[in-house]
Amino acid sequence: MHQIKLAITGVASFVAEPISIDEWANEFKVPDRQQEGKYLDGKMVEKILGIKSKSWAPDVFKDPQVVVNTTKEALRKAKLDAREVDAAIIVTCSPFMVQLDQDAFLLYKEIGLNDNIVPILLGAGCAGFARAVALAAQMKGKNILLISYSLSSLYTQTPVYKDNSLHPLGKSLWMSAALFSDGVSAVVLKKTEEVSGYSFYSRDSLQFGEEAGFDDPLIHYYGSGAWDPPGTEKCEALSCFAMAGPRIKEYYIKGMTLNHRQLLALQPDYLNKVKKIYTHQASPALTNAFLDTLIKEHGISRDKMGINVVKYGNLVSTSTIKLLDDDMAAGVLAPGDSICISVVGAGPERGAFIIPVVPAA
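Per the numbering used here, residue 970 is the first one in the sequence shown, and the count goes up by one each step.
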């Protein structure tokens, strides 16, 4: 836990126009395990997961230009030239190219970053921005660029998400395809002279609150590494984002609660001091359960919280930044207002930060 000297000067995000979960179900065709030859309809998918629509556009997100354009928009809002960026961090668990950080090399070039900017690609999921901000707070550069994207449709439209007997969590793989969505976001950070907020991060591997360390990665993606490399028998079947449902629920509720307690320890009145609170949009049930508890215990307005998972699905690390971007576009935030982002994700990992939004003059 530590104080930070950072401010947000530019934000941009892009998600596809949501398609209804019924349309998605008709296109994806999730096998109904209760009725051979039948498929789950949108009504059943919505009943199970709670989402009504999602950002799902493989034809759009297969082109890296969507990431480049979104990033350039964030730089434009920050009134910053790409060559003025001192450091850049990419956050994604679904890269275009999986080895040697080639996404970073490609995107840095297309964005126009100087050749001395060291490629940094964090293979992070839903808590990626907490990890990135914790890292950015330790950097010396003045202008730091954060880029995040989820290419869920490109990864999960394959047959192994529908019928997979080799993966230990194979029967529930279709839920990953249904829940996770496509999205891109970028944030420009600027170092400030004075302390501006707070940031903390934890892997919870040695200790999880008062308990022993948490021992489940939450998302089980076993294939494509040295243990099951491409070309081997099990590689394809194990190369999937499989959700460990009960453990995710356990980690989300307790992890978000621990984040809240740590925020209170750092700034006891943070719930009233910040303009908006953005929590990870894991699923409608989990997100609402945590927010309802905050509201009940502290008497804060629901308007202070953002939620978009019902409309867009789980946008991974972009979920909170999309909420922030929408609020900025709607004029909800005034220059200098502080916001709080609190997230948990696969790893496991969690973290939060309080930071001011100071649009470039």
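Just so it is clear, CB atoms sit at the ideal spot from N, CA and C, and this is done for glycine as well. Keep in mind it's a predicted model, so treat the numbers as computed, not measured.
The region 1211 to 1219 makes contact with the region 1138 to 1154, as at least three CB pairs between them are under 8 Å. T1201 counts as exposed, since fewer than 16 other C-beta atoms from the protein chains shown sit within 10 angstroms of its C-beta.
In the three-state DSSP reduction, G1320 falls in the strand class (E or B).
Looking at A1330, K974, N1228, the one whose alpha-carbon comes closest to that of L1240 is N1228. No Cβ-Cβ contact shorter than 8 Å links T1127 with S1145. Burial of W993 is indicated by the presence of at least 16 other C-beta atoms within 10 angstroms of its C-beta. Positions of the alpha helix (DSSP H) runs, each at least 4 residues long and wholly inside the region 1021 to 1066, are given as 1027 to 1030, 1034 to 1046 in order along the chain. A direct Cα-Cα distance of roughly 13 Å separates S1193 from S1063. Per DSSP, K1245 lies in no alpha helix (DSSP H); the unbroken beta strand (DSSP E) holding it starts and ends at 1245 to 1248. One thing to note: S1307 has its Cβ within 8 Å of the Cβ of I1324. Under DSSP, E1219 shares a beta bridge with no residue. Inter-residue distance for L1090 and E1005 is about 43 Å (C-alpha atoms, whole angstroms). Under the DSSP definition of a beta bridge, F1149 partners with N1283. V1037 sits away from A985, with the two beta carbons spaced by 8 Å or more. With respect to the 8 Å criterion, K1242 and Q1236 are classified as neighbours on the basis of their beta carbons. Nearest to W1025 by C-alpha distance, out of V999, K1048, K1273, L1148, is L1148. Looking from the CA of G1110, the closest CA among R1230, L1082, D1055, K1131 belongs to D1055.
For the 8 Å CB-CB criterion, L1293 and Y1247 form a contact. Residue state for L1260 is assigned as helix, using DSSP reduced to three classes. Excluding the 5 residues flanking it on each side, S1121 has same chain C-beta neighbours closer than 7 Å at S1063, F1149, S1150, D1151, in chain order. Bridge partners of S1121 according to DSSP: none are assigned.
Note that the C-beta distance between G1224 and V1102 is not below 8 Å.
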